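Here the structure comes first, spelled out in structure tokens, and everything after it is commentary.
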Amino acid sequence: MPMRFSWSTEGASSSAGPLPNWCARDSSRSWSMADDRDTSLDDAIDMMASAGTSEERLARAQRFRSPLVDAFSIALATIEDEARAADPQVERHLSALDATAAASGVMTSAVPGEARWWTSLPGPAVAQDGERAEAILPRGGGALAVEGGSRARTRIGREGPAGEVVVITGPLPAGASWRSLVWWSVSRRRSQVVAMVVLSLLGGLVGLLLPLATAALFGYAVPTGSTSMAAAILLAFALGSAGGALLILARNILIIRVRDASDARMSPGIMSHLLRLPMPFFRRTSSGDILNRALTVESAREVANDGVLALVLSSAFGLVNLVFLFAIDVSLGIVMSLAIAVIVVIVGLAQRRSRHFHQRLLQERSDADAHLMSLIQAIVPIRVNGAESRALASWTGWAAPAISTLGRRLVANNFSQPVLVAAPIAMNVVLILAVIGEGLAFTAAAFMSAYVAVVQLTIAVGLLTQNLWMLNEIGPTLERMVPITSTPVERPGPTRAPGALQGRIQLTDIVFGYDPDQPPLLDGVSISVEPGEFVAVVGPSGSGKSTVMRLLLGFETPWSGVVSYDGQDLADLDVAAVRRQMGTVLQASVPFGSTYRECICGPLQIDDDRLWQVIAESGLQTEVRERGLDAPIGDRGGGISGGQRQRLMIARALVSDPRVILLDEATSALDNLTQDIVMRSILGRPVTRIAIAHRLTTVERADRILVVSSGRIVEEGSPSELLASGGHFARLAARQEF
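In terms of this note's numbering, the sequence shown opens at residue 94 and continues consecutively.
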């Protein structure tokens, strides 16, 4: 059946007044948790949101005419967000799922590849099969399907949802510390975390079977010489151990599920957050430093999950044995508690010194890695200039501090090793001294059971200190992601949909610079571009031309002044929706994708006829016909020439039929013939075009030219007028210094 999709922009009705027919509640099912607690939408939302009553949460799940948008509304309510119906004039060439996700401002990913993926969802999902759409909400060890439109609710069984499914990546908690992030990653598995702790305690109780069996053997079976009693004790011990093994198996299954759930939620969450950070963050932070933080956090997160779980297990095992010693004799329990405290304090002091060196080591390694990445990116000029030795010396200078700090950290680590080695012997000596020195009246059976408990306690303390040591070093590593997670994403607050752009663009009294301590780069710049106009911006290097482009794209926020589209302040708009209506080629743009088709189309649904038309308009037809649309082009377009990369980016900008075209030296690598083909295509489009160019053949076709110098518009007019005036533009044209 062909898919029909209603692009309605109708949202939820106000609470005042009667609801429209399409928004009326289902009288056959109550939305009250008291009436329908087992399968209600509120129950699923209660498991995933912590603030507000169930009715308030349900109110956020606004109703829409479109089943798909309604399903998104239900899913997004569980992560404190709202859906927005897609405008077909804005979200063009996208599937219905992608269009609704884009309009709602959320990031989505494909469902996991394993069977029964809905039992381990990291967040809400949306499924669409023809006209039917469902919100898939994680619930316990399974999922609840809520149909968009009717909002009928069913528990998903063995057969999963049909059709196309996307998983919604929710936002990270605002300003989260690494500890709160770790907890957030497992917060949807709270019941399993509690069950894991309970099973760990039960496993610790099973661990008491050995000292109890020892006491029974030496207290009854050995003195009486009863082989039948000994056999019974050993049989009971074997059965108990088998039960303990089952407990451990169940606990380990829970551990794997909790760890996988944490990984599945935190990794996409951090990546989604990173991809949506404002552009000034990437301007201030080197790509090498960002990569280092992302990679170290990924590895540290895995170790942290294992370390926290191991810490819980060793603590439970040790606690049970310590309580057993208190049960044998309170004085013995107190003495052992003091011995454990001394060990933990000594190890903690050593850890404190090691932590200091570990923090320094992470920063120094990050600096060295960032420098290494810059060297790799500059490998061509390094080879051309024969500067390999100088590059090696430069990297060595960055790497030397990290090597020195690593040695000092290893020395600090060694201070605790003698304590950990001596701990088992010391605790056994403490046991003997406590029995002898305190004159405790222990029978042989009691002493043997206490001895076994102390041995098990020693093992638990060793594991505890090792895990504490591991977590002590993981802390500084995870803290390195705080600058990423604490930085708000681009436009985090509510924004207004821009609607279909008409192409009227204005910059009014713009004052902006990259460094607030320096004079502004643009000072009082005002530009007005009418729909369908072709405006060229020229000026000497460093005059602020590319900065104007970054302001138009919303990459930077002006210190003062307004950037507006169709009379709407860009600061109030959904800037991503504005960009999706633009075709943009910036300086040094590189392809994103592995083939011609992927690079040009991306997520857009473009048929081959339209694709070949755009390829011809960008002057790329000959090369693509020779190799094919699905031919590989290498990483970042490394397998094709610079001119082909530039034409590929132009094709990518034109394929979506943009309403505004922004070009920043987009034809600098093209020969005159190819540039003429490209410019004819761009000039033939009745849309707003703004181009930064350095060729006279490009700007002479513009309706109007703006000359930027020292952060101001110093000339404005048609090409012929400016050439005849003999001013700034005429001098630039004579020298070809655009």
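Backbone N, C-alpha and C define an ideal beta-carbon position, used for all residues, glycine too.
Predicted model only: the values in this text are computed from it and were never measured.
A residue is called buried when at least 16 other Cβ atoms come within 10 angstroms of its Cβ; residue 607 does not meet this threshold and is exposed. Around the beta carbon of residue 386, 16 or more other beta carbons sit within 10 angstroms, so the residue counts as buried. For the options 680, 679 and 704, the alpha carbon positioned closest to that of residue 691 is the one of 704.
In the DSSP annotation of this structure, the continuous segment of the beta strand (DSSP E) that includes residue 258 starts and ends at 257–262. Non-local C-beta neighbours of residue 590 in its own chain, meaning closer than 7 Å and more than five positions away in sequence, comprise 177, 180, 667 and 670, ordered along the chain. Taken through DSSP and simplified to helix, strand or coil, residue 424 comes out as helix. With contacts defined as CB atoms closer than 8 Å, residue 297 and residue 362 fail to qualify as a contacting pair. Exclusion of the five residues before and after residue 684 leaves 692, 726, 729, 730, 738, 741 and 742 as the residues of its chain whose Cβ lies within less than 7 Å of its Cβ. In the DSSP assignment, residue 225 falls outside any alpha helix (DSSP H) and within the unbroken beta strand (DSSP E) covering 225–232.
Within the DSSP bridge table, the entry for residue 666 names 589 as partners. Annotation for residue 603: the continuous beta strand (DSSP E) segment containing it runs 598–605. The beta carbons of residue 291 and residue 411 sit no closer together than 8 Å.
Leaving aside the five residues that flank residue 413 on each side, the residues in its chain whose CB is nearer than 8 Å to its CB run, in chain order, 294, 297, 298, 300 and 301.
Taken in chain order, the complete beta strand (DSSP E) segments of 3 residues or longer contained in the region 666–750 are 675–678. Distance from the CA atom of residue 707 to the CA atom of residue 701, rounded to whole angstroms, is 10 Å.
In the assembly as shown, residue 324 is an exposed residue. Its beta-carbon has fewer than 16 other beta-carbons within 10 Å. In this chain, residue 183 is not harboured by any alpha helix (DSSP H), its DSSP state being neither H nor E.
Residue 582 and residue 365 have their C-alpha atoms roughly 10 Å apart. DSSP places residue 200 inside the beta strand (DSSP E), whose first and last residues are 200–203. Here the C-alpha atom of residue 346 lies approximately 60 Å from the C-alpha atom of residue 771. Burial check for residue 560: the Cβ neighbour count within 10 Å reaches 16 or more, so the residue is buried. Within the DSSP secondary-structure output, residue 627 pairs in a beta bridge with 782. The Cβ atoms of residue 795 and residue 812 lie closer than 8 Å to each other.
In the assembly as shown, residue 562 is a buried residue. Its beta-carbon has 16 or more other beta-carbons within 10 Å. Residue 463 places its beta carbon less than 8 Å from that of residue 381.
Leaving aside the five residues that flank residue 784 on each side, the residues in its chain whose CB is nearer than 6 Å to its CB run, in chain order, 629 and 756. In the structure shown, residue 222 adopts extended strand secondary structure according to DSSP, grouped into three states. Under the DSSP assignment, residue 307 falls in the alpha helix (DSSP H) whose first and last residues are 302–309. If you ignore the 5 residues before and after residue 638, its C-beta comes within less than 8 Å of the C-beta of 630, 631, 632, 757, 785 and 801, all in its own chain and listed in chain order. With the rule of 3 Cβ pairs closer than 8 Å, the region 305–314 does not count as touching the region 426–434. Cβ neighbours of residue 491 within its own chain (closer than 7 Å, five residues either side excluded): 460, 461 and 464. Taking the Cβ atoms as the reference, residue 677 lies roughly 7 Å from residue 646, within the contact range of under 8 Å. DSSP places residue 800 in the uninterrupted beta strand (DSSP E) bounded by 797–802. Around the CB of residue 791, 16 or more other CB atoms lie within 10 Å, so the residue is classed as buried. Annotation: the continuous alpha helix (DSSP H) that includes residue 353 extends over 320–368. Judged by their CB atoms, residue 657 and residue 595 are not nearer to each other than the 8 Å cut-off.
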